[in-house]
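Residue numbers (our numbering): 312 to 493.
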């Protein structure tokens with residue numbers, strides 16, 4: 312039997328809940344998360360099949376006082392795994408939980424989490440989108456008569472579609488949480 316396996320998965324910024332469920336299902340199958348590398352390569356290690364809840368938090372401010380930040384979660388029984396691009400990964404055995412425990416216990420804290428993700432991840436993406444992608448599409452449309460520029464235009468249109476998808480998913484998630492919090 313293999314001791315380790317790698318899987319490639321991409322989750323957008325707004326799909327953190329799907330990522331948590333994916334990690335939980337892997338642990339239920341006997342594979343615990345041990346490492347994550349860019350661009351979404353998950354390293355799992357064989358383990359006993361167990362129902363383990365995974366939670367993600369985006370808290371770059373916590374990196375300044377990492378020990379205190381991690382200890383807050385340890386005191387609540389969460390095992391700290393690692394940080395990856397500003398996200399902290401935690402896990403806890405479902406058997407040790409009293410009811411449905413989550414890092415975010417209410418809609419207001421989930422909304423604060425989404426706000427931190429917006430400031431740390433979406434603002435830089437938005438700047439890149441507005442200062443690079445859009446101007447390049449306009450520039451390439453001006454060179455449309457030139458065949459060598461067509462593949463570049465297609466590349467930027469694909470990037471435009473990916474960015475638009477991420478922005479729309481994030482906005483829908485934010486609106487859903489905001490409506491639940493109100």
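Glycine included, every Cβ here is placed at the ideal spot set by N, Cα and C.
Check your understanding: Would a C-beta distance cut-off of 8 Å place residue 395 and residue 436 closer than the cut-off?
Key -> Within the chain shown, residue 395 is the residue found at index 84, counting from 1. Within the chain shown, residue 436 is the residue found at index 125, counting from 1. Not in contact: residue 395 and residue 436 (Cβ atoms no closer than 8 Å).
Exercise for review: Return the chain-ordered list of same chain residues with a C-beta closer than 7 Å to the C-beta of residue 320, the five sequence neighbours on each side being excluded.
Suggested key: Taking the first residue of the chain shown as position 1, residue 320 is located at position 9. Once the five neighbours on either side are set aside, the close Cβ partners of residue 320 are 333, 351, 353.
Exercise for review: Determine the contact status of residue 367 and residue 336, defining contact as a CB-CB distance below 8 Å.
Suggested key: The sequence position of residue 367 within the chain shown is 56, counting from 1. The sequence position of residue 336 within the chain shown is 25, counting from 1. In terms of Cβ geometry, residue 367 and residue 336 do not form a close pair [threshold 8 Å].
Exercise for review: Identify the continuous alpha helix (DSSP H) that holds residue 335 and give its terminal residues.
Suggested key: Locating residue 335 in the chain shown gives position 24, counting from the first residue. For residue 335, the uninterrupted alpha helix (DSSP H) run begins and ends at 327-339, by DSSP.
Exercise for review: Tell me whether residue 330 is buried or exposed, calling it buried when 16 or more other Cβ atoms sit within 10 Å of its Cβ.
Suggested key: Here the question's residue 330 lines up with position 19 in the chain shown. Buried is the label assigned to residue 330, since at least 16 other Cβ atoms lie within 10 Å of its Cβ.
**Study point:** Alpha-carbon to alpha-carbon, residue 401 and residue 364
**Key:** As a position in the chain shown, residue 364 is number 53, starting the count at 1. As a position in the chain shown, residue 401 is number 90, starting the count at 1. Looking at the two C-alpha atoms, the distance is approximately 8 Å.
Practice item. Just tell me which of 390, 420, 422 has its CA closest to the CA of residue 407. Key: Walking along the chain shown from the start, residue 407 turns up at place 96. For the set 390, 420, 422, the Cα lying nearest the Cα of residue 407 is the one of 390.
Review point. Can you list, in chain order, the stretches of the alpha helix (DSSP H) that have 4 or more residues and sit fully within the stretch 343-373?
Key: With a minimum length of 4 residues, no continuous alpha helix (DSSP H) run stays inside the stretch 343-373.
Practice item. Using only alpha-carbon positions, find the residue among 381, 341, 419 that is nearest to residue 362. Key: Taking the first residue of the chain shown as position 1, residue 362 is located at position 51. When 381, 341, 419 are compared, the shortest CA-CA separation from residue 362 is found for 341.
Review point. Under a Cβ-count criterion, where at least 16 other Cβ atoms within 10 Å of its own Cβ denotes burial, should residue 315 be classed as buried or exposed?
Key: The residue labelled residue 315 in the question sits at position 4 within the chain shown. Burial check for residue 315: the Cβ neighbour count within 10 Å stays below 16, so the residue is exposed.
Review point. For residue 466, which option in 475, 448, 483 has the closest C-alpha, if you only look at C-alpha atoms?
Key: Within the chain shown, the letter at position 155 stands for residue 466. The candidate whose alpha carbon is nearest that of residue 466 is 448.
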